[in-house]
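Here the structure comes first, spelled out in structure tokens, and everything after it is commentary.
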Amino acid sequence: MTTLYGPAEIVIGMKESVSRVRLFDGPLDLRWHHCATTSDFIADLFALPFHASRNDYREVRHNIGYLVNELIENSIKFREPGEIRVEAAMDVDCFKVKVSNVVSTEAAASFQALLAEITTGDPGDLLIERIEANAADPETSGSGLGLLTLMSDYGARLAWIFSPVDDGRRVYVETFAAIPVTQSQQ
């Protein structure tokens, strides 16, 4: 059974001119440094139209880079062996990205429980609650702080689709995100 978390309109609209990057397992294995390298590349590519203003360029590049890095880090951290696919597109005033990978059914269930919590309240309030909870218990992991920061501080709109894989032991996860991007008037 396919399950959606977040607003459905975000999962629609990846039909524009999309750039795709696929990260594969191989002799180098997928590691943390691939997150920064890949997100920097995507941020550089999509921030180019904003180069006329140094401030716009830096802000757009930072926001896209932070968003993509967070989503790729999560996919690497919780994935099962296999590829990670990153698809990105720019609208007139919005950057959109989809990160897809396969996770275990256990990881999917844990992630869905987290999403049931963080997609129902105010992201700013939930972020403060999670920061306080993490401060009280430093061993806490998987708290959703990165996702809540994206929603609260960057205005990101997020959605997830979980679809079972035929083997019954894994789940295909598609993470969709959209953040506003604008050029200042000169």
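Residue numbers (full-length UniProt numbering): 1 to 186. Positions of the beta carbon are idealized from the N, C-alpha and C atoms, including for glycine.
Residue i: CB within 7 Å of a non-hydrogen atom of the ligand ADP
{"i": "Glu83", "result": "What this structure holds is no ligand at all, so the ligand ADP is not there to describe."}
Proximity to residue i [Cα-Cα], best of the options
{"i": "Gly6", "options": "Leu67, Arg169 and Met151", "result": "Met151"}
{"i": "Ile84", "options": "Leu158, Leu148, Met1 and Val21", "result": "Val21"}
{"i": "Glu117", "options": "Arg130, Glu106, Ala107 and Ala8", "result": "Arg130"}
{"i": "Thr38", "options": "Arg157, Leu67, Thr149 and Val60", "result": "Leu67"}
{"i": "Ala156", "options": "His34, Asp44, Cys35 and Asn63", "result": "Asn63"}
{"i": "Met90", "options": "Ala36, Ala8 and Ser17", "result": "Ser17"}
Residue i, buried or exposed, once every other Cβ within 10 Å from all chains shown has been counted against 16
{"i": "Gln186", "result": "Bear in mind that a pLDDT of 48 at Gln186, under 50, signals an unreliable position, so the model cannot answer this."}
{"i": "residue 190", "result": "Since the displayed the chain opens at 1 and closes at 186, residue 190 lies outside it and no answer follows."}
{"i": "Ala159", "result": "buried"}
{"i": "Gly65", "result": "buried"}
{"i": "Phe46", "result": "buried"}
{"i": "Met1", "result": "exposed"}
{"i": "Phe24", "result": "exposed"}
For residue j and residue i, the rounded distance between their alpha carbons
{"i": "Pro49", "j": "Asp40", "result": "16 Å"}
{"i": "Asp153", "j": "Ala133", "result": "19 Å"}
{"i": "Thr182", "j": "Val11", "result": "21 Å"}
{"i": "Ala135", "j": "His34", "result": "29 Å"}
C-beta atoms of residue i and residue j nearer than 8 Å
{"i": "Ile42", "j": "Val92", "result": "no"}
{"i": "Phe95", "j": "Ile179", "result": "yes"}
{"i": "Leu127", "j": "Leu148", "result": "yes"}
{"i": "Thr3", "j": "Phe111", "result": "no"}
{"i": "Ser19", "j": "Ala107", "result": "no"}
Contact the region 43 to 61 vs the region 162 to 169: 3+ CB pairs below 8 Å: no
Quick check: the region 69 to 80 against the region 121 to 137, are there 3 or more CB pairs under 8 Å? no
At least three beta-carbon pairs within less than 8 Å, the region 171 to 182 to the region 87 to 106: These segments touch.
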